[in-house]
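In the working numbering, the protein residues as written are 861 to 953.
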């Protein structure tokens with residue numbers, strides 16, 4: 861978790877760290893919040909975005925994530941309870 865004032869470089873540190881991990885194939889997924897981009901300004905899309913990225917990298921996880929979504933299509937709704945999304949898309953698979 862990074863903490864600091866606006867413009868202190870938190871995003872730069874996080875992005876650089878993520879890119880280094882990605883270059884070593886040690887990064888499963890990322891989500892960067894942005895006040896300017898409404899898609900990334902809230903928590904509504906965090907868990908299914910992470911699940912999507914993980915599914916692209918790992919075929920076994922992909923199959924489990926698809927199964928969870930087929931069982932409960934509302935997991936992709938931004939209005940779904942976040943704990944359900946977290947558990948069913950990231951923890952259980």
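Each residue gets a CB set at the ideal place from its N, CA and C atoms; glycine is no exception. Note that the coordinates shown come from a computational prediction; the quantities given were computed from them, not determined experimentally.
Do residue 882 and residue 893 have their beta-carbon atoms positioned less than 9 angstroms apart in this structure? Pairing residue 893 with residue 882 gives a Cβ-Cβ distance that is not under 9 angstroms.
Excluding the five sequence neighbours on either side, which residues of its own chain have a C-beta within less than 8 angstroms of the C-beta of residue 861, listed in chain order? Result list for residue 861: empty, nothing under 8 angstroms.
Less than 8 angstroms between C-beta atoms, sequence neighbours within five positions excluded: which residues of the same chain meet that for residue 918? 888
Find the nearest neighbour of residue 890 within the set 898, 897 and 913, judged by alpha-carbon distance. 913
Is residue 943 buried or exposed, if buried means 16 or more other CB atoms sit within 10 Å of its CB? exposed
Would you mind reading off the limits of the alpha helix (DSSP H) that contains residue 931? 919-931
For a test of the three-state rule: what should DSSP assign to residue 889, helix, strand or coil? Three-state result, residue 889: coil.
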